Amino acid sequence: MTKSLCKWKKKDIEKNIHIITQIVVQPRFACKDCARAAHSKGFLCKPTKLSFTQVDKENYD
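Plus 619 on top of the position in the sequence shown (first one is 1) and you've got the working numbering.
The structure is reproduced here in structure tokens:
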């Protein structure tokens with residue numbers, strides 16, 4: 620099994636940026652611990668399904 624994105628170090632990210640772009644395209648899941656996002660839950664250590672609803676941006680600035 621592939622190491623989860625949550626465990627990747629900075630050097631891993633820099634070395635494999637081309638792979639990461641494929642993993643994070645159109646994310647459907649986010650990690651509950653670090654908030655990293657991915658298209659497949661298998662790339663995250665504690666995945667939760669994303670819900671795409673309208674968000675009031677003023678509450679997050």
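The beta carbon of each residue, even a glycine, is placed where N, CA and C say it ideally should be. From a predicted model like this one, the values you see are computed outputs, not experimental measurements.
Cross-strand partners of residue i (DSSP beta bridge)
| i | result |
| --- | --- |
| Thr667 | Ala649 |
| Ala656 | Ala649 |
Residue i - containing alpha helix (DSSP H), residue span
| i | result |
| --- | --- |
| His637 | 636 to 643 |
Cβ-Cβ distance between residue i and residue j below 8 Å
| i | j | result |
| --- | --- | --- |
| Lys665 | Asp652 | yes |
| Ala654 | Ile642 | no |
| Phe648 | Lys660 | yes |
Reduced DSSP category for residue i - H, G, I as helix; E, B as strand; rest coil
| i | result |
| --- | --- |
| Lys628 | coil |
Close Cβ partners of residue i (< 8 Å) along its chain, the five nearest in sequence each way excluded
| i | result |
| --- | --- |
| Val644 | His658 |
| Cys625 | Cys650, Asp652, Cys653, Arg655, Leu663, Cys664, Lys665 |
Cut-off 6 Å between Cβ atoms - residues of its own chain near residue i, not counting five sequence neighbours on either side
| i | result |
| --- | --- |
| Lys634 | none |
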